[in-house]
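Enquirer: Pasting in a structure now, in structure tokens, and then I'll have a few things to ask.
Chains as they are written, first to last, in the numbering used here: chain P, 1 to 107; chain V, 108 to 310.
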């Protein structure tokens, strides 16, 4: 699944991953890969501008800290990010249910 | 230890970001850390160091693609215009300071001008540094830049309104206009961009 297919959904994916596993960029990329069973195939470097966009919007917060003796930028969800993630999650389920209702199958 | 291949990737990314007018030191630092983590991970999975490096770079994506994603979120034309305006304001206030101290106009208020010129220089340098470094400044840096910009707007508007009675009438109008524009553009750059991104994320 490439960047074009994921357009419009990347924010929800990143917010969900950061909500469950706050961490540095590589950990977030690994979690995204693992949870999608390697189906999400994004150039991992492009996650950083996406994370910064979410940070600028106040949805996640990033700060430099020492992790395993190395300086890394660690991200975690803000209260605003948590609210938006819940809303986007609900919207996504409604969208998925609607599409399944039309094309058939189960969400 | 950073290999030649990683160094080249980071250099290429830095060049691509600068070429796109979107250099962001934080992104470069994070991508460097990302590559180190990915290589360590590959070696832990049993890959030879060379293969682990190749895999890490392949997974990170071409530097120009990463740079394009960064550039997509940066208002490049306005950023360059603000950079040019800051540099011009610093030069203009330096020129005016030199003129005043050489020509010694009788009606000039030297102590006030010294404070103002110092403010213009510091604010210009801080804004240029924030723009060149790229990315989002910290909350404190942003607050400092915005506070300085508000002062610039106040001084600029005062200079414009007082220009008719000032000794340097022409310079007063020009510098006042430049200060006002610099202040407004700086606030716009560091505040409106944040609001714009928040709105984008709500979509």
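All residues carry an ideal CB built from backbone N, CA and C; glycine is no exception.
For residue 117 of chain V, which residues of its own chain have a beta-carbon under 6 Å away from its beta-carbon, when the five flanking residues on both sides are left out?
Expert: Along the second chain, one-based indexing puts residue 117 of chain V at 10. Closer than 6 Å at Cβ, skipping near neighbours: 139.
Enquirer: Are the Cβ atoms of residue 204 of chain V and residue 191 of chain V separated by less than 7 Å?
Expert: In the second chain, the residue the question calls residue 204 of chain V occupies position 97. In the second chain, the residue the question calls residue 191 of chain V occupies position 84. No; because the gap between Cβ atoms is not below 7 Å, this pair is not in contact.
Enquirer: Give me the Cα-Cα distance between residue 48 of chain P and residue 61 of chain P, rounded to the nearest whole angstrom.
Expert: The count along the first chain starts at 1 and reaches residue 48 of chain P at position 48. The count along the first chain starts at 1 and reaches residue 61 of chain P at position 61. Near 13 Å, if we compare the C-alpha coordinates of residue 61 of chain P and residue 48 of chain P.
Enquirer: Count Cβ pairs between the stretch 172-184 of chain V and the stretch 120-139 of chain V that sit closer than 8 Å; are there 3 or more?
Expert: Judged by Cβ distances under 8 Å, the stretch 172-184 of chain V makes contact with the stretch 120-139 of chain V, as three or more pairs qualify.
Enquirer: List the residues of chain P whose Cβ lies closer than 9 Å to the Cβ of residue 156 of chain V, in chain order.
Expert: Indexing the second chain from 1 puts residue 156 of chain V at position 49. Residues of chain P passing the Cβ test: none, with the nearest at roughly 17 Å.
Enquirer: Would you report the Cα separation of residue 137 of chain V and residue 73 of chain P, rounded to the nearest angstrom?
Expert: Numbered from its first residue, the second chain carries residue 137 of chain V at position 30. Numbered from its first residue, the first chain carries residue 73 of chain P at position 73. Cα to Cα, the separation comes out at about 7 Å.
Enquirer: Should residue 209 of chain V go down as buried or exposed, given a rule of 16 or more other Cβ atoms within 10 Å for buried?
Expert: Residue 209 of chain V sits at position 102 when you count from the first residue of the second chain. Label assigned to residue 209 of chain V: exposed.
Enquirer: If you draw a straight line from the alpha carbon of residue 194 of chain V to that of residue 231 of chain V, how long is it in whole angstroms?
Expert: Indexing the second chain from 1 puts residue 194 of chain V at position 87. Indexing the second chain from 1 puts residue 231 of chain V at position 124. Their Cα atoms are separated by approximately 7 Å.
Enquirer: Output needed for residue 264 of chain V: all residues of its chain with C-beta closer than 8 Å, excluding positions within five of it in sequence on either side, in chain order.
Expert: Along the second chain, read from residue 1 onward, the residue named residue 264 of chain V stands at position 157. So the qualifying residues of the chain are 283, 287.
Enquirer: Listed from N- to C-terminal order along the chain, which residues in the stretch 45-58 of chain P have their beta-carbon within a distance smaller than 9 Å of any beta-carbon of chain V?
Expert: Within the stretch 45-58 of chain P, the residues whose Cβ lies closer than 9 Å to some Cβ of chain V are 45, 46, 47, 48, 49, 50, 51, 52, 53, 54, 55, 56, 57, 58, listed in chain order.
Enquirer: Tell me whether residue 308 of chain V sits in a helix, a strand or coil according to DSSP, three-state version.
Expert: Here the question's residue 308 of chain V lines up with position 201 in the second chain. Low confidence applies here, because residue 308 of chain V scores a pLDDT of 49, under 50, leaving its location unreliable; read the following figure in that light. DSSP places residue 308 of chain V in helix when its eight states are reduced to three.
Enquirer: Is the CB of residue 88 of chain P under 7 Å away from at least one CB in chain V?
Expert: Taking the first chain and counting its residues from 1, one reaches residue 88 of chain P at position 88. Judged by the 7 Å Cβ criterion, residue 88 of chain P is not in contact with chain V.
Enquirer: Check for me: the alpha helix (DSSP H) holding residue 62 of chain P runs from which residue to which?
Expert: What you label residue 62 of chain P is simply residue 62 of the first chain in a count that begins at 1. First-last for residue 62 of chain P: 60-67, but that is the beta strand (DSSP E), not the alpha helix (DSSP H).
Enquirer: Taking C-alpha atoms, which residue in P:103, P:100, P:76 lies nearest to residue 16 of chain P?
Expert: What you label residue 16 of chain P is simply residue 16 of the first chain in a count that begins at 1. When each option's Cα is compared against that of residue 16 of chain P, the closest is P:76.
Enquirer: Where residue 134 of chain V and residue 207 of chain V are concerned, what is the direct C-alpha to C-alpha distance, given to the nearest angstrom?
Expert: As a first step, residue 134 of chain V must be located in the second chain, where it is residue number 27. As a first step, residue 207 of chain V must be located in the second chain, where it is residue number 100. One C-alpha to the other measures close to 44 Å.
Enquirer: Which stretch, first to last residue, makes up the beta strand (DSSP E) that contains residue 73 of chain P?
Expert: Residue mapping note: residue 73 of chain P aligns to position 73 of the first chain, counting from 1. Unbroken beta strand (DSSP E) run through residue 73 of chain P: 70-77.
Enquirer: For the stretch 145-154 of chain V against the stretch 163-170 of chain V, are there 3 or more C-beta pairs whose distance is under 8 Å?
Expert: The stretch 145-154 of chain V vs the stretch 163-170 of chain V: in contact.
Enquirer: If we call anything under 7 Å between Cβ atoms a contact, is residue 51 of chain P one with residue 81 of chain P?
Expert: Here residue 51 of chain P corresponds to residue number 51 of the first chain, with the count starting at 1. Here residue 81 of chain P corresponds to residue number 81 of the first chain, with the count starting at 1. Not a contact, by the Cβ cut-off of 7 Å.
Enquirer: Please list, in chain order, all residues of the same chain as residue 12 of chain P whose beta carbon is under 8 Å from its beta carbon, the five residues on each side excluded.
Expert: Along the first chain, read from residue 1 onward, the residue named residue 12 of chain P stands at position 12. Closer than 8 Å at the Cβ level, and outside the excluded window around residue 12 of chain P, lie 85, 88, 89, 92.
Enquirer: Counting contacts by CB-CB distance shorter than 7 Å, is residue 22 of chain P in contact with chain V?
Expert: The sequence position of residue 22 of chain P within the first chain is 22, counting from 1. No, residue 22 of chain P does not count as interfacial toward chain V.
Enquirer: Note down, in chain order, all residues in the stretch 138-150 of chain V with a beta-carbon under 7 Å from any beta-carbon belonging to chain P.
Expert: Residues 138, 140, 141, 144, 145.
Enquirer: Does DSSP put residue 83 of chain P in a helix, a strand or coil?
Expert: Within the first chain, numbered from 1, the residue matching residue 83 of chain P stands at position 83. DSSP places residue 83 of chain P in helix when its eight states are reduced to three.
Enquirer: Quick one: which chain P residues come within Cβ less than 8 Å of residue 172 of chain V?
Expert: The residue given as residue 172 of chain V occupies position 65 in the second chain. Under the 8 Å cutoff, chain P gives 43, 45, 46.
Enquirer: Take residue 228 of chain V and list the residues in its own chain whose beta-carbon comes closer than 6 Å to its own, dropping the five residues that flank it on each side.
Expert: As a first step, residue 228 of chain V must be located in the second chain, where it is residue number 121. So the qualifying residues of the chain are 197.
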